[in-house]
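Trainee: Line by line, the protein sequences are chains A and B.
Under our numbering, the first residue of the first sequence carries the number 4, and numbering increases by one thereafter.
Under our numbering, the first residue of the second sequence carries the number 710, and numbering increases by one thereafter.
Backbone N, C-alpha and C define an ideal beta-carbon position, used for all residues, glycine too.
Quick caveat, the model's predicted, so the values are computed rather than measured.
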Amino acid sequence: MADVQLSVQDLRKTFHPGLFEEPIEVLKGLSFDVRRGEIFGFLGPNGAGKTTTIKAITELIFPDSGTISVCGFPHTSLEAKRRIGFMTESPYVYPHLTGREFLHFCAELLGVDRSQQEDRISRILDDVGMAGSGDRMMGTYSKGMLQRVALGQALLGDPELLILDEPMSGLDPLGRRDLRDMILRQAAAGVTVFFSSHIIPDVEALCDRVAIVVDGRVRAVGSVRDLVSREADRYEVTFAGATPEDLSTRLLAHHVGSGEAWVRVSSGDRDGLMRELADLGARIVSMNPVQATLEDLLMTQGEGAGQ
Amino acid sequence: MRAIRAIAVNTFREAIRDRILYLFIGFAIVMVISTKLFGMLTVGDESKIVKDIGLAAMQFFSMLIAVMMSMLLISREVDNRTVFNILSKPVRRWQFILGKYLGLVAIVAVNLLLITVILVVMVLIYTGQFDPMLVFAAFMTMLEMSVVAAFATLFAVLTRPILGSLMTLAMFVVGHTSADLWMLTRHLPGTLTRAVITVVYYLVPNLERFNFKTEVVHDLPIHLAAVGWAVVYASAFVAVLLFLAALRFQTKDLK
Numbered sequence: 004m005a006d007v008q009l010s011v012q013d014l015r016k017t018f019h020p021g022l023f024e025e026p027i028e029v030l031k032g033l034s035f036d037v038r039r040g041e042i043f044g045f046l047g048p049n050g051a052g053k054t055t056t057i058k059a060i061t062e063l064i065f066p067d068s069g070t071i072s073v074c075g076f077p078h079t080s081l082e083a084k085r086r087i088g089f090m091t092e093s094p095y096v097y098p099h100l101t102g103r104e105f106l107h108f109c110a111e112l113l114g115v116d117r118s119q120q121e122d123r124i125s126r127i128l129d130d131v132g133m134a135g136s137g138d139r140m141m142g143t144y145s146k147g148m149l150q151r152v153a154l155g156q157a158l159l160g161d162p163e164l165l166i167l168d169e170p171m172s173g174l175d176p177l178g179r180r181d182l183r184d185m186i187l188r189q190a191a192a193g194v195t196v197f198f199s200s201h202i203i204p205d206v207e208a209l210c211d212r213v214a215i216v217v218d219g220r221v222r223a224v225g226s227v228r229d230l231v232s233r234e235a236d237r238y239e240v241t242f243a244g245a246t247p248e249d250l251s252t253r254l255l256a257h258h259v260g261s262g263e264a265w266v267r268v269s270s271g272d273r274d275g276l277m278r279e280l281a282d283l284g285a286r287i288v289s290m291n292p293v294q295a296t297l298e299d300l301l302m303t304q305g306e307g308a309g310q
Numbered sequence: 710m711r712a713i714r715a716i717a718v719n720t721f722r723e724a725i726r727d728r729i730l731y732l733f734i735g736f737a738i739v740m741v742i743s744t745k746l747f748g749m750l751t752v753g754d755e756s757k758i759v760k761d762i763g764l765a766a767m768q769f770f771s772m773l774i775a776v777m778m779s780m781l782l783i784s785r786e787v788d789n790r791t792v793f794n795i796l797s798k799p800v801r802r803w804q805f806i807l808g809k810y811l812g813l814v815a816i817v818a819v820n821l822l823l824i825t826v827i828l829v830v831m832v833l834i835y836t837g838q839f840d841p842m843l844v845f846a847a848f849m850t851m852l853e854m855s856v857v858a859a860f861a862t863l864f865a866v867l868t869r870p871i872l873g874s875l876m877t878l879a880m881f882v883v884g885h886t887s888a889d890l891w892m893l894t895r896h897l898p899g900t901l902t903r904a905v906i907t908v909v910y911y912l913v914p915n916l917e918r919f920n921f922k923t924e925v926v927h928d929l930p931i932h933l934a935a936v937g938w939a940v941v942y943a944s945a946f947v948a949v950l951l952f953l954a955a956l957r958f959q960t961k962d963l964k
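Put into structure tokens, the structure is as follows:
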């Protein structure tokens, strides 16, 4: 277990909104482990429990039961918190401070040596592309700039575990690319990165492993390749001389246009479709295997959970 | 200690960059300076009237600043979720409460210092003498405000800002009348009323313990024991109130 940087076991949390309102069970026995040095994606639809899990890890909320350990320490210990760099979903910063003042404040909270603070803050501002705007009040920053400063405070303590909650949301393409590069740089430097997202291409592009969380439970964990290869492949077939209505094969999707028809079938139905098209005298224009994607898996898991 | 200091400094900095504080300070200064007008319109020793009204203005505006800034700065930190930046770092929740409280006390202290300087100068102009007892009265007001700010901190953790402000204001009013009510119970026939007032008397601090205005204005002797007791009394209340605030905040989910 020495190489597990973050362990979450059987986490449960129910919110009680009010006396006359139904309790909301958000986490229902959620478990996963994140290994040292990996980029771990926490993928799930809105309301799946991603942010609640992250808030439990960072001790902003208190789970009803379950255990969390960070770098081998209980998550409530200061030793654990010293090892975490955390960036919230939206950048919650102080408009009355400049970016540099905010980072100084965070450096004090982290206990960064005062003699090193100025150098480190300048370096961080440079790393997140804010070197020219660090002395402006944060109340005047754009959302992208706030996100960069928020990322800066997460990196300030040289964390072993970087926790990013929906880091790409609200960023323009340039900002997303910069953030992706930064995550890869951190991982290359040996930092474990745990980030939640519902943006699938980002997860597919970055993550060594992924946990798919739906309805308060982890439904699948593994590398993207492992997860998607478990799913049955499908085929997309384009043909002429027949219409989808002529077919008795179960179609997952279909479309007709410009004299040709397009259908999608599961791999198990592929041969039956071919026979049927031959019997109808249709001309096959193309047939392409379709690899299952994370999106398909997420949809499947979501449908399985009744979402 | 570094975390507490950093939180206190940030709280102080936030307040001094907030226009609302200057509104309060501006009113307080206008009020203290206008004591000259009251002195001219009233029959009696003008310098005593200036001192009396000046000290009352000092107390009132310090209380307003303590209540409003406590509510603003603590609730805003939680509502705007900037507290996430603090508590996800190696900082204990009680350190957050203590840091916020110390920042607030510093704001009230600076405001008090400013009003005291103005009042001392006003009295100096009137009498040609520096009255050190005004500084003593300011110190006692500071003690009182440290208790009020601790109440405001507790209510800011327990409830919403407006309700918390009202509760703190109610505590301030009751705190200045509880001793009179206590005396009144001796003449009340009903045991229930007497019991309720007794409970209120022991739950709410007797803020009149910090009121030395009469002694300061009329140059009456002040007993050192009463001052010492007021310091102990304020310290005990602040410690208990901050403990309760930290206890509640310790288990609060920050959504």
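#1: If we ignore side chains and look at the alpha-carbon of each, how far apart do Ile729 of chain B and Ala712 of chain B end up?
#2: Do Ile716 of chain B and Gly873 of chain B count as a contact pair if the criterion is CB distance below 8 Å?
#3: Against chain B, does Ile87 of chain A count as a neighbour if the rule is that its beta carbon must be under 8 Å from one of theirs?
#4: Which residue or residues does DSSP assign as beta-bridge partners of Met140 of chain A?
#5: Between which two residues does the alpha helix (DSSP H) carrying Ile713 of chain B extend?
#6: Listing by chain order, which chain B residues have their CB less than 9 Å from the CB of Val37 of chain A?
#7: Three or more beta-carbon pairs under 8 Å between the region 131-148 of chain A and the region 50-62 of chain A, yes or no?
#8: Starting from Asp130 of chain A and walking both ways along the beta strand (DSSP E), at which residues does that stretch end?
#9: Are the CB atoms of Glu723 of chain B and Tyr97 of chain A nearer to each other than 8 Å?
#10: Is the region 260-274 of chain A close to the region 236-244 of chain A, with three or more CB pairs under 8 Å?
#11: Taking Glu148 of chain A as the reference, give the member of A:Leu230, A:Arg103, A:Glu111, A:Ser251 with the closest Cα.
#12: Consult DSSP for Asp36 of chain A and reduce its assignment to one of helix, strand or coil.
#13: Excluding the 5 residues preceding and the 5 following Arg1 of chain A in the sequence, name in chain order all residues of the same chain whose CB lies nearer than 8 Å to its CB.
#14: Is the region 815-824 of chain B touching the region 760-771 of chain B in the sense that three or more CB pairs, one from each, lie closer than 8 Å?
#15: With a cut-off of 8 Å, does the C-beta of Lys745 of chain B fall near any C-beta of chain A?
#16: Indicate whether Ser72 of chain A and Ser10 of chain A have their beta-carbon atoms separated by less than 8 Å.
#17: Against Val800 of chain B, what residues of chain A qualify as contacts under a CB-to-CB distance less than 7 Å, listed in chain order?
#18: Quick check: the Cα distance between Val227 of chain A and Asp299 of chain A, rounded to an integer number of angstroms?
#19: Going by C-alpha to C-alpha distance, which of B:Phe721, B:Val856, B:Leu897 sits closest to Arg918 of chain B?
#20: Looking at the secondary structure, which residues open and close the alpha helix (DSSP H) in which Gln804 of chain B lies?
#21: Mind listing which residues of the region 792-819 of chain B have their C-beta closer than 7 Å to chain A's C-betas, in chain order?
#22: Let's test the definition: count the other Cβ atoms within 10 Å of the Cβ of Ser118 of chain A and tell me whether it reaches 16, buried, or not, exposed.
#23: Three or more C-beta pairs under 8 Å: does that hold for the region 795-806 of chain B against the region 883-897 of chain B?
#24: Grouping DSSP H, G and I as helix and E and B as strand, with all else coil, what is Asp272 of chain A?
#25: Expressed to the nearest angstrom, what Euclidean distance is found between the alpha-carbon atoms of Tyr910 of chain B and Lys84 of chain A?
#26: Kindly list the residues whose CB is nearer than 6 Å to the CB of Phe840 of chain B, restricted to its own chain and excluding five residues on each side of it in sequence; keep chain order.
#27: Taking 8 Å as the CB-CB cut-off, is Thr61 of chain A touching chain B?
#28: With distance defined between alpha-carbon atoms, name the residue in B:Thr850, B:Thr907, B:Val882 nearest to Thr894 of chain B.
#29: Would His78 of chain A count as contacting chain B if we go by Cβ distances under 8 Å?
#30: Could you tell me the distance, in whole angstroms, from the CA atom of Trp938 of chain B to the CA atom of Gly155 of chain A?
#31: If contact means a Cβ-Cβ distance below 9 Å, which residues of the region 275-306 of chain A contact chain B?
#32: In chain B, what lies closer than 7 Å to Leu81 of chain A by C-beta?
#33: How would you call Phe105 of chain A, buried or exposed, if buried means at least 16 neighbouring beta carbons within 10 angstroms?
#34: Give a yes or no on whether 8 Å exceeds the smallest Cβ distance from Arg957 of chain B to chain A.
#35: Could you pull the DSSP bridge partners for Asn291 of chain A from this structure?
#36: Is Glu41 of chain A helix, strand or coil when you go by DSSP?
Mentor: Well, looking at it:
#1: Working through the second sequence from its first residue, we reach residue 729 of chain B at position 20. Working through the second sequence from its first residue, we reach residue 712 of chain B at position 3. Near 26 Å, if we compare the C-alpha coordinates of Ala712 of chain B and Ile729 of chain B.
#2: As a first step, residue 873 of chain B is located in the second sequence; it is residue number 164 there, counting from the start. As a first step, residue 716 of chain B is located in the second sequence; it is residue number 7 there, counting from the start. No, these two residues do not count as a Cβ contact at 8 Å.
#3: By one-based count along the first sequence, residue 87 of chain A stands at place 84. Ile87 of chain A counts as touching chain B.
#4: By one-based count along the first sequence, residue 140 of chain A stands at place 137. Partner(s): A:Thr101.
#5: Looking up residue 713 of chain B in the second sequence gives position 4. Segment 711-725, the alpha helix (DSSP H) holding Ile713 of chain B.
#6: The sequence position of residue 37 of chain A within the first sequence is 34, counting from 1. The premise fails here: Val37 of chain A is roughly 17 Å from chain B at the closest Cβ pair, so nothing lies under 9 Å.
#7: no
#8: Position 127 of the first sequence holds residue 130 of chain A. Element bounds for Asp130 of chain A: not the beta strand (DSSP E) but the alpha helix (DSSP H), 117-130.
#9: Residue numbering aside, residue 723 of chain B sits at position 14 when the second sequence is read from its first letter. Residue numbering aside, residue 97 of chain A sits at position 94 when the first sequence is read from its first letter. Closer than 8 Å, so yes.
#10: yes
#11: Taking the first residue of the first sequence as 1, we reach residue 148 of chain A at position 145. Glu is not the amino acid found at residue 148 of chain A; the sequence shown has Met there. Of the listed residues, the one whose Cα sits closest to Met148 of chain A is A:Arg103.
#12: The residue given as residue 36 of chain A occupies position 33 in the first sequence. Here Asp36 of chain A sits in strand by DSSP.
#13: The structure shown does not extend to residue 1 of chain A, since chain A spans only 4 to 310, so no value can be given for it.
#14: yes
#15: As a working mapping, residue 745 of chain B is identified with position 36 in the second sequence. Answer no: the Cβ-Cβ gap between Lys745 of chain B and chain A never drops below 8 Å.
#16: Position 69 of the first sequence, counted from the start, is the residue given in the question as residue 72 of chain A. Position 7 of the first sequence, counted from the start, is the residue given in the question as residue 10 of chain A. Yes, the pair counts as a contact, with Cβ atoms nearer than the cut-off.
#17: Here residue 800 of chain B refers to the residue found at position 91 when the second sequence is read from its first residue. Chain A residues near Val800 of chain B: Leu112.
#18: Counting from 1 along the first sequence, the entry for residue 227 of chain A is found at position 224. Counting from 1 along the first sequence, the entry for residue 299 of chain A is found at position 296. Approximately 12 Å between the Cα atoms of the pair.
#19: Position 209 of the second sequence, counted from the first residue, corresponds to residue 918 of chain B. It is B:Val856.
#20: Reading the second sequence from its first residue, position 95 is the one you call residue 804 of chain B. It spans 802-836 - the alpha helix (DSSP H) in which Gln804 of chain B sits, taken as one unbroken run.
#21: Phe793, Asn794, Ile795, Leu796, Ser797, Lys798, Pro799, Val800
#22: Against the first sequence, residue 118 of chain A aligns to sequence position 115. Exposed: under 16 other Cβ atoms inside 10 Å.
#23: no
#24: As a first step, residue 272 of chain A is located in the first sequence; it is residue number 269 there, counting from the start. Helix, per DSSP.
#25: As a working note, residue 910 of chain B is residue 201 in the second sequence. As a working note, residue 84 of chain A is residue 81 in the first sequence. Whole-angstrom Cα-Cα distance: 43 Å.
#26: Residue mapping note: residue 840 of chain B aligns to position 131 of the second sequence, counting from 1. Phe is not the amino acid found at residue 840 of chain B; the sequence shown has Asp there. These residues qualify, in order along the chain: Val832.
#27: For the purposes of this step, residue 61 of chain A is taken as residue 58 along the first sequence, with counting starting at 1. Output row for Thr61 of chain A: interface = yes.
#28: The sequence position of residue 894 of chain B within the second sequence is 185, counting from 1. When each option's Cα is compared against that of Thr894 of chain B, the closest is B:Thr907.
#29: As a first step, residue 78 of chain A is located in the first sequence; it is residue number 75 there, counting from the start. Chain B contact via Cβ: absent.
#30: Taking the second sequence and counting its residues from 1, one reaches residue 938 of chain B at position 229. Taking the first sequence and counting its residues from 1, one reaches residue 155 of chain A at position 152. Cα to Cα, the separation comes out at about 49 Å.
#31: none
#32: Position 78 of the first sequence, counting from 1, holds the residue named residue 81 of chain A. Going along chain B in sequence order, the residues near Leu81 of chain A (Cβ under 7 Å) are Pro799.
#33: To locate residue 105 of chain A, count along the first sequence from 1; it is residue 102. Classification for Phe105 of chain A: buried.
#34: If you number the second sequence from 1, residue 957 of chain B lands on position 248. Output row for Arg957 of chain B: interface = no.
#35: Taking the first residue of the first sequence as position 1, residue 291 of chain A is located at position 288. In the DSSP output, where bridge partners are listed per residue, Asn291 of chain A has A:Glu239.
#36: Here residue 41 of chain A corresponds to residue number 38 of the first sequence, with the count starting at 1. Residue state, collapsed to three classes: coil.
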